[in-house]
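Number of protein chains: 2
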Amino acid sequence: MNRREASKAETRRLVLEAARELFSQKGMQECTIRDIAGKAGVSPASVLVHYKSKTALLEEALVGDIRDALSGLIASIPAGAGLLDRLMHLSKGMLRFYDRDRDIYRALVRLTIFEPVTETPGMTKQSEEYVRFLSEMVEKDKASGVIRQNVDPMFAAASIFFFYLGALTMLFRMPEMSVETVADMLSSMTAQYLEGITQGRP
Amino acid sequence: MNRREASKAETRRLVLEAARELFSQKGMQECTIRDIAGKAGVSPASVLVHYKSKTALLEEALVGDIRDALSGLIASIPAGAGLLDRLMHLSKGMLRFYDRDRDIYRALVRLTIFEPVTETPGMTKQSEEYVRFLSEMVEKDKASGVIRQNVDPMFAAASIFFFYLGALTMLFRMPEMSVETVADMLSSMTAQYLEGITQGRP
DNA sequence: TCATCATGCTAAACTTGTTTACTGAATAAA
DNA sequence: TTTATTCAGTAAACAAGTTTAGCATGATGA
Numbered sequence: 002m003n004r005r006e007a008s009k010a011e012t013r014r015l016v017l018e019a020a021r022e023l024f025s026q027k028g029m030q031e032c033t034i035r036d037i038a039g040k041a042g043v044s045p046a047s048v049l050v051h052y053k054s055k056t057a058l059l060e061e062a063l064v065g066d067i068r069d070a071l072s073g074l075i076a077s078i079p080a081g082a083g084l085l086d087r088l089m090h091l092s093k094g095m096l097r098f099y100d101r102d103r104d105i106y107r108a109l110v111r112l113t114i115f116e117p118v119t120e121t122p123g124m125t126k127q128s129e130e131y132v133r134f135l136s137e138m139v140e141k142d143k144a145s146g147v148i149r150q151n152v153d154p155m156f157a158a159a160s161i162f163f164f165y166l167g168a169l170t171m172l173f174r175m176p177e178m179s180v181e182t183v184a185d186m187l188s189s190m191t192a193q194y195l196e197g198i199t200q201g202r203p
Numbered sequence: 002m003n004r005r006e007a008s009k010a011e012t013r014r015l016v017l018e019a020a021r022e023l024f025s026q027k028g029m030q031e032c033t034i035r036d037i038a039g040k041a042g043v044s045p046a047s048v049l050v051h052y053k054s055k056t057a058l059l060e061e062a063l064v065g066d067i068r069d070a071l072s073g074l075i076a077s078i079p080a081g082a083g084l085l086d087r088l089m090h091l092s093k094g095m096l097r098f099y100d101r102d103r104d105i106y107r108a109l110v111r112l113t114i115f116e117p118v119t120e121t122p123g124m125t126k127q128s129e130e131y132v133r134f135l136s137e138m139v140e141k142d143k144a145s146g147v148i149r150q151n152v153d154p155m156f157a158a159a160s161i162f163f164f165y166l167g168a169l170t171m172l173f174r175m176p177e178m179s180v181e182t183v184a185d186m187l188s189s190m191t192a193q194y195l196e197g198i199t200q201g202r203p
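Top line first, the protein sequences correspond to chains A and B.
Taking the numbering used here, the leading residue of the first sequence gets 2, the next gets one more, and so forth.
Taking the numbering used here, the leading residue of the second sequence gets 2, the next gets one more, and so forth.
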């Protein structure tokens, strides 16, 4: 690595470090690029040399913890448990993770969820990994006979993910609602999904 | 009404009218408060006297059409059709409505969906009305024996709504995706939900 | 009618994300 | 080594949402 490249990487690291601290300390709104630049000892414009926008910086600052949370949950899935329990281990776990700092994660999701995929690589990758894992779970349970053979795993995974997204939306929209209330609701809805709601099937 | 109150109402009307035209003409991002103020013949600050923020103005400018779209769809539900067809009449209809101007509605949803309920009365009311209507539909189909008796109508309505929200998110996130593709996916997922995916129920 | 009050509206300022034009040092080329 | 080039970093400007302090006009009451 060049001297130039090294110095560049170091500056980038300083900015990210300052951003991590200040974002979690003061939230997205109250933390300005000038604050971050000041703490990192660089100019405000320099922040945007390394990160395309404040949103991109926020994403970069938070996505590591999200990835760790998800892979930690995946690694700790109770092996022998039923399908619903395994799904709720993941979904409730992620809800509880976001609940630890609702404001900052609400800001992140709000700023990224409706952006084109190319603009938000970090969050997109997380969502895709989540859905892919769900899809694999469904596939295995299909193979073992728990799930019916005519079920498309991708659609099932997307459905479960949409329930999770809906619950997350409720969590962010209703500050007075406890995460456990939302989690229980999600659990009931997912259970109902797994059961099916219409009568008279073959 | 006072002379003062009348003049105030008139100004408010002018601002809203200008906002409607400019928002749909140039989109949210490219249309500034100063533009709207100019077109309405008032000062920029005056816009914010009547509407708390640019977001609030956008909401006010669009929510009428959304309400009309939803009630039009509700009024035109095919009476004798099956549950899935009636649901898709609504959900697909709303997706097609938002598709007519994805950019402006993406901006609206993005700015309102994660805000506290009290900040976005218009959009909140629309969502609530939608879910309430879905809930009534489920209740009726439960009474007529189409839906199983152990199904909670509110949870079912919320599930169907979350599918719809997920589809809307995909529509906004993926500009290259056609509304009919998203609608078909939503249809498949909702159908699967109505069927249930697990085996071996009583 | 006159004095007081309330308020719709505004100009100007403020804030903050972002862009632009530039500089000086590091690197590459000769 | 000397020259040319690249480019990390910056100061200053810019853009646009929002806030503030004040004004002028209409409402209110004596």
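We treat Cβ as the ideally placed atom computed from N, Cα and C, and that holds for glycine.
Contact note: Ala158(A) does not reach chain B at a C-beta cutoff of 8 Å; the least C-beta distance is about 10 Å.
For Ile75(A), same chain residues with a beta-carbon under 8 Å away, outside a window of 5 residues either side, are Leu91 and Phe134 in chain order. Excluding five sequence positions before and after Phe173(A), the CB atoms of its chain that fall closer than 6 Å to its own CB belong to Arg107, given in chain order.
In this structure, DSSP gives Ile78(A) a state outside helix and strand, which the three-state scheme calls coil.
Across the segment 174-196 of chain A, CB contacts with chain B closer than 8 Å involve Arg174, Met175, Pro176, Met186, Ser189, Met190, Gln193, Tyr194, Leu195 and Glu196, in sequence order along the chain. By the Cβ rule, the segment 120-134 of chain A does not count as touching the segment 133-150 of chain B, because fewer than three pairs are nearer than 8 Å. What Thr56(A) touches in chain B, judged by beta-carbon distance under 7 Å, is nothing: the nearest beta carbon there is about 12 Å away. When C-beta atoms of the segment 164-180 of chain B are compared with those of the segment 3-23 of chain B, fewer than three pairs fall below 8 Å, so the two segments do not count as touching. For the segment 106-117 of chain B, residues whose beta-carbon sits nearer than 9 Å to a beta-carbon of chain A comprise Arg107, Ala108, Val110, Arg111, Leu112, Ile114, Phe115, Glu116 and Pro117. Within the same chain, Cβ atoms closer than 7 Å to the Cβ of Leu84(A) are found at Asp142, Val147 and Leu195, the five residues on either side in sequence being excluded. In the displayed model, Ile37(B) falls within a helix according to three-state DSSP. A direct Cα-Cα distance of roughly 11 Å separates Leu96(B) from Asp102(B). Taking the C-beta atoms as reference points, Phe162(B) is found no nearer than 7 Å to Ser189(A). Ranked by how close their Cα comes to the Cα of Leu59(A), the residues Gly123(A), Leu187(A) and Ala46(A) have Gly123(A) in first place. Taking the C-beta atoms as reference points, Met171(B) is found no nearer than 7 Å to Ile105(B). Counting only Cβ-Cβ distances below 8 Å, Phe98(A) has no contacts in chain B at all, with the closest Cβ about 17 Å away.
Within chain B, Ser160 and Phe163 have C-beta atoms less than 8 Å from the C-beta of Phe164(A), given in sequence order.
For the segment 122-133 of chain A, the set of residues with a beta-carbon nearer than 9 Å to any beta-carbon of chain B comprises Thr125, in chain order.
Short of 6 Å from the beta carbon of His51(A), and not among the five residues preceding or following it, lie these beta carbons of its own chain, in chain order: Arg13 and Val16. Assignment of Ile114(A) by DSSP, reduced to helix, strand and coil, places it in the coil class. Across the structure, Leu169(B) and Ala19(A) are spaced so that their CA atoms are roughly 36 Å apart. One alpha carbon belongs to Gly94(B), the other to Arg21(A), and they sit about 43 Å apart. By the CB criterion at 7 Å, Ile67(B) and Gln127(B) fall inside the cutoff. For a cut-off of 8 Å, the C-beta gap from Ala70(B) to Phe98(B) is around 4 Å, short enough to register as a contact. Nearest to Val64(A) by C-alpha distance, out of Thr182(A), Leu49(A), Asn151(A) and Glu130(A), is Glu130(A).
Selection Thr119(A), Ser160(A), Ala82(A) and Asp100(A) evaluated against Lys53(A) yields Thr119(A) as nearest (Cα-Cα). Just measuring C-alpha positions, the residue of Ala184(B), Gly167(B) and Thr121(B) sitting nearest Ala62(B) is Thr121(B). Only exposed fits Ala144(A), as fewer than 16 other CB atoms lie within 10 angstroms of its CB.
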